[in-house]
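Structure first, commentary second.
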Amino acid sequence: MKPGALAYFKPTTVTEAIGLLVEGGMDAKVIAGGQSLVPMLNLRMVAAERLVDVGGIAEMKQWSADDREIWIGACVTHDQIQIGEVADPSNGLMPKVASKIAYQAVRNRGTIGGSLSLADPAADWLTTTAALGATIEWEGPDGKKSCPAEEFVFAAYTTQLDISDVLTGVRIPRLPPDATWGTYKLCRKAGEFAHAMAMVISAGARSRAFLGATDGAPIRLMQTEKLVADFRNWESGHAALVSQALEADIAESGRDFTDIQLWQSRTCLLRSIQMSLGFEPVRPEGV
Ligand SMILES: Cc1cc2nc3c(=O)[nH]c(=O)nc-3n(C[C@H](O)[C@H](O)[C@H](O)COP(=O)(O)OP(=O)(O)OC[C@H]3O[C@@H](n4cnc5c(N)ncnc54)[C@H](O)[C@@H]3O)c2cc1C
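37 is the number of the first residue of the sequence shown in our numbering; add one for each residue after it.
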């Protein structure tokens with residue numbers, strides 16, 4: 037199938053894009069890399085009478101860096117991050133994550149802003165930006181807004197963006213040089229969206245741990261973070277402690293997990309922690 041008739045606009049400024057979106061109201065959609073939107077339009081899962089292509093807005097394709105943070109424009113592609121064309125604030129985490137998104141063809145065109153705006157719960161950048169303590173920035177008819185990445189998503193495919201808003205960029209603090217990370221996602225086949233995902237970042241006495249690919253926003257694992265902050269090595273008793281902390285974190289989140297989802301998330305989390313400690317992930321008992 038092909039989409040219904042639609043008008044296509046390619047503005048060169050964010051202000052112009054917002055104007056076109058306001059004019060089009062509910063019938064207008066932003067298009068960036070088109071990797072998710074075009075299939076949804078083709079399948080008539082999404083209807084639009086007007087597409088506003090933000091790919092012509094120069095500032096949204098740029099990035100900048102200082103000693104404290106990196107700003108990445110929303111139209112920077114997964115591939116640019118994968119190949120290191122963009123400065124890396126994350127000691128290698130972001131290029132690694134980018135390299136595991138879909139297939140090369142999708143990475144060539146798919147953008148970090150498109151991925152965050154769509155807010156598919158399994159999108160890698162949702163969990164990664166939350167784990168890195170990033171800030172998401174957007175602009176709309178009411179002006180510029182921003183929020184911590186971990187507060188950006190309300191539910192699956194539902195974010196703080198209003199219908200005429202444009203996500204403009206992501207601000208990511210630099211990790212300390214000695215910070216370590218581990219991440220693991222479970223997919224049935226390479227290039228597929230994950231069924232479960234975990235990410236752990238350890239910087240000195242502080243750790244951040246998140247689960248992704250859930251039923252909605254990534255889940256921050258506060259109990260697990262406290263536990264992991266004390267780990268210096270991977271020891272055999274750690275798996276049981278992590279499992280207890282994970283179950284407490286999931287109960288605290290109020291989110292529903294089936295037994296298999298819990299098992300998959302636990303596997304991803306254990307492997308992420310082991311990786312962050314510099315160990316090759318060990319297969320946990322029963323996995
Ligand atoms: C086969 C396949 C496998 C995939 N596997 C993975 C995977 O493993 N992990 C993963 O993370 N992703 C995966 N993806 C998704 C991919 O990363 C997409 O690139 C991404 O979800 C959307 O980015 P895009 O730039 O193509 O956005 P588009 O498809 O152009 O837009 C997506 C949505 O976001 C909105 N939007 C886009 N940009 C903006 C903006 N700047 N401001 C406001 N709204 C905006 C659009 O209106 C649309 O609703 C996969 C996609 C495919 C096709």
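Ideal Cβ placement from N, Cα and C applies to all residues, glycine included.
Task: Per-residue DSSP class, three states only, for THR34 - done: This structure cannot settle anything about residue 34, because the visible part of the chain is limited to 37 through 323.
TODO: Please say whether ARG207 and TRP107 have beta carbons closer to each other than 7 Å?
DONE: TRP107 places its beta carbon less than 7 Å from that of ARG207.
Task: Candidates GLN280, ASP251, GLY252, of which the one nearest GLU261 by Cα - done: Checking every option, the nearest Cα to that of GLU261 belongs to GLN280.
Task: Option nearest ALA157 by Cα separation, candidates CYS304, ALA253, GLN71 - done: Residue identity differs from the one stated: residue 157 is Pro in this sequence, not Ala. Its Cα nearest to that of PRO157, the residue ALA253 stands out among CYS304, ALA253, GLN71.
Task: Runs of beta strand (DSSP E) lying entirely within the region 45 to 124, each at least 3 residues, in chain order - done: Counting only unbroken stretches of 3 or more residues, the beta strand (DSSP E) elements lying wholly within the region 45 to 124 are 64 to 67, 86 to 89, 99 to 101, 105 to 109, in sequence order.
Open item on the list: What would DSSP say about MET233, mapped onto helix, strand or coil?
Closed with: Three-state DSSP puts MET233 in a strand.
Task: Close Cβ partners of LYS38 (< 8 Å) along its chain, the five nearest in sequence each way excluded - done: Excluding sequence neighbours, LYS38 sits near ASN78.
- [ ] Return the chain-ordered ranges of every alpha helix (DSSP H) run that is complete within the region 131 to 184 and spans a minimum of 4 residues.
- [x] Within the region 131 to 184, the complete alpha helix (DSSP H) segments at least 4 residues long are 140 to 145, 148 to 154, 160 to 167, listed from N- to C-terminus.
Task: Between the CA atoms of LEU282 and ILE237 - distance to the nearest angstrom - done: Taking the straight line from one Cα to the other gives about 16 Å.
- [ ] Can you grab the Cα-Cα spacing for the pair ILE67 / HIS274, in whole Å?
- [x] Taken atom to atom, the span from the alpha-carbon of ILE67 to that of HIS274 is near 45 Å.
Open item on the list: Going by DSSP, what residue range makes up the alpha helix (DSSP H) through ILE296?
Closed with: Segment 295 to 312, the alpha helix (DSSP H) holding ILE296.
- [ ] Verify the contact flag: THR147, CB atom, against every heavy atom of ligand 1, threshold strictly below 6 Å.
- [x] Yes, Cβ of THR147 sits closer than 6 Å to a heavy atom of ligand 1.
Open item on the list: Taking 6 Å as the cut-off, is the C-beta of GLN116 nearer than that to any heavy atom in ligand 1?
Closed with: Taking 6 Å as the cut-off, one finds no heavy atom of ligand 1 near enough to the beta carbon of GLN116.
Task: Residue environment, GLY322, which counts as buried when at least 16 other CB atoms sit within 10 Å - done: Confidence in GLY322 is poor, its pLDDT being 48 and thus under 50, which makes the residue's placement unreliable; the coordinate value appears in the next sentence. Exposure of GLY322 is indicated by the presence of fewer than 16 other C-beta atoms within 10 angstroms of its C-beta.
- [ ] Report the rounded CA-to-CA distance for THR51 versus GLN259, giving the unit in angstroms.
- [x] It is roughly 43 Å from the alpha-carbon of THR51 to the alpha-carbon of GLN259.
- [ ] Within the same chain, show all residues whose beta-carbon is closer than 8 Å to that of LYS132, passing over the 5 residues directly before and after it, in chain order.
- [x] Around LYS132: THR219.
TODO: Would you list the one or two residues that DSSP bridges to ALA215?
DONE: In the DSSP output, where bridge partners are listed per residue, ALA215 has none listed.
Task: GLY248 versus ARG256, ARG86, MET233, TRP217, residue with shortest Cα-Cα distance - done: Shortest Cα-Cα distance from GLY248 to any of ARG256, ARG86, MET233, TRP217 involves MET233.
Open item on the list: Below 8 Å on the Cβ atoms is my contact criterion, and I expect CYS111 with GLY149 to pass it. Report the Cβ-Cβ distance as a whole number of Å.
Closed with: Rounded, the Cβ-Cβ distance is 6 Å, consistent with contact.
Task: One or two residues paired with ALA239 in a DSSP bridge - done: Note: ALA239 sits in a beta bridge opposite ARG242.
Task: LEU257 beta carbon less than 7 Å from that of VAL278 - done: No, they are not a contact pair.
TODO: Could you give the DSSP three-state label for LYS262: helix, strand or coil?
DONE: DSSP, read as helix, strand or coil, puts LYS262 in helix.
Open item on the list: Can you check which of these residues, ALA265, PRO212, ILE172, PRO213, is closest to GLN196 by C-alpha distance?
Closed with: Nearest C-alpha to GLN196: ILE172.
TODO: Confirm the yes/no value for this check: CB of PHE190, any heavy atom of ligand 1, distance under 6 Å.
DONE: In this structure, the C-beta of PHE190 stays at least 6 Å away from each heavy atom of ligand 1.
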